[in-house]
Ligand SMILES: C[S@@+](CC[C@H](N)C(=O)[O-])C[C@H]1O[C@@H](n2cnc3c(N)ncnc32)[C@H](O)[C@@H]1O
């Protein structure tokens, strides 16, 4: 069975909107002295490059499990003036840094891993004293964009094959991250924002999630024909939840959770 890998082209279709929370997170990291920096789930590497520009003398590593995303990051190396970044293909679940870290940045990646009650203390434990862990994750599991995925999955010839796919939110309430992290760090800054993205084109919300949250469902289907049928049903159902405004644009409210922990 073919699988739907991460597609940098599709992911970067909404590049300005996706960059906004990444930047808001970046802006909350103080300019502390840093020699070792990691971007967990670095994708195509834009934020790792930004980290390398902010700390030009630091060793910066971008970790990601997607060869497609890392290939894009490496391809962009040639046109970039930042000093060499190490791109590492690895699963965050099993990867371990070779040395303690001063900055750990992770934008829109850790929601792909479960068991945050175990994962976050491990990651915070990688920090040097004085180091900073900065994480942003979508907290939109109950938004129509995601509820409709589950509804369409439960109602079709594919229902038995899609049972259990992304059926529980890996991202929990802000207070739970406080409880998980506070024994391991000295200061925590936690906040949430709902961005109201203004999107253009037909079915933009469906195209947005096709590059991200919809992938596990598409991957569990048999072939491209079935994937298209699933996508069409999903896109059509979403139209009532995200209608076009009078000017033809579509508003997409998107809730995100931010955590900046200082060790
Ligand atoms: C939504 S993208 C975000 C990419 C980048 N951080 C950004 O903000 O543009 C999520 C990234 O997390 C990576 N990812 C998901 N699960 C992972 C895992 N278990 N280990 C490493 N990377 C993972 C994916 O390959 C993908 O590149």
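Residue numbers (our numbering): -6 to 256.
Glycine residues also receive a C-beta, built at the ideal position from the N, C-alpha and C atoms.
As the structure is a prediction and not an experimental result, all values here were calculated from the model.
Quick check: is any heavy atom of ligand 1 less than 7 Å from the C-beta of residue i?
i           : result
residue 211 : no
residue 100 : yes
residue 159 : no
residue 36  : yes
residue 85  : yes
residue 112 : no
residue -1  : yes
residue 106 : yes
residue 169 : no
residue 15  : yes
residue 69  : no
residue 59  : yes
residue 205 : yes
residue 56  : yes
residue 39  : yes
residue 232 : no
residue 143 : no
residue 46  : no
residue 11  : yes
Could you tell me the alpha carbon to alpha carbon distance between residue i and residue j, rounded to whole angstroms?
i           : j           : result
residue 185 : residue 156 : 30 Å
residue 154 : residue 51  : 46 Å
residue 66  : residue 138 : 28 Å
residue 250 : residue 21  : 13 Å
residue 15  : residue 248 : 13 Å
residue 231 : residue 166 : 25 Å
residue 226 : residue 145 : 7 Å
residue 117 : residue 72  : 33 Å
residue 62  : residue 241 : 32 Å
residue 217 : residue 78  : 36 Å
residue 234 : residue 49  : 45 Å
residue 178 : residue 252 : 12 Å
residue 23  : residue 39  : 19 Å
residue 161 : residue 107 : 10 Å
Any idea which residues DSSP pairs residue i with across the strands?
i           : result
residue 186 : 249
residue 98  : 32 and 127
residue 254 : 126 and 181
residue 82  : 57
Since residue i and residue j should fall inside the 8 Å C-beta cutoff, what is the C-beta to C-beta distance between them, to a whole number of angstroms?
i           : j           : result
residue 224 : residue 203 : 7 Å
residue 94  : residue 119 : 5 Å
residue 256 : residue 122 : 6 Å
residue 254 : residue 181 : 5 Å
residue 30  : residue -3  : Not quite, the Cβ-Cβ distance comes to about 31 Å (not below 8 Å), so this is no contact.
residue 243 : residue 197 : 5 Å
Ligand 3 and residue i: does the residue's C-beta get closer than 7 Å to at least one heavy atom of that ligand?
i          : result
residue 62 : With respect to ligand 3, the structure offers nothing, as its ligand set consists of ligand 1.
**Asked** Should the segment 108 to 115 be called in touch with the segment 159 to 171, which here means at least 3 C-beta pairs below 8 Å?
**Response** yes
**Asked** Between the segment 125 to 136 and the segment 99 to 107, do at least 3 Cβ pairs fall closer than 8 Å?
**Response** yes
**Prompt:** Touch check for the segment 197 to 214 and the segment 29 to 45: three-plus C-beta pairs under 8 Å?
**Reply:** no
**Item:** Given 8 Å, three or more beta-carbon pairs between the segment 73 to 93 and the segment 5 to 13
**Value:** no
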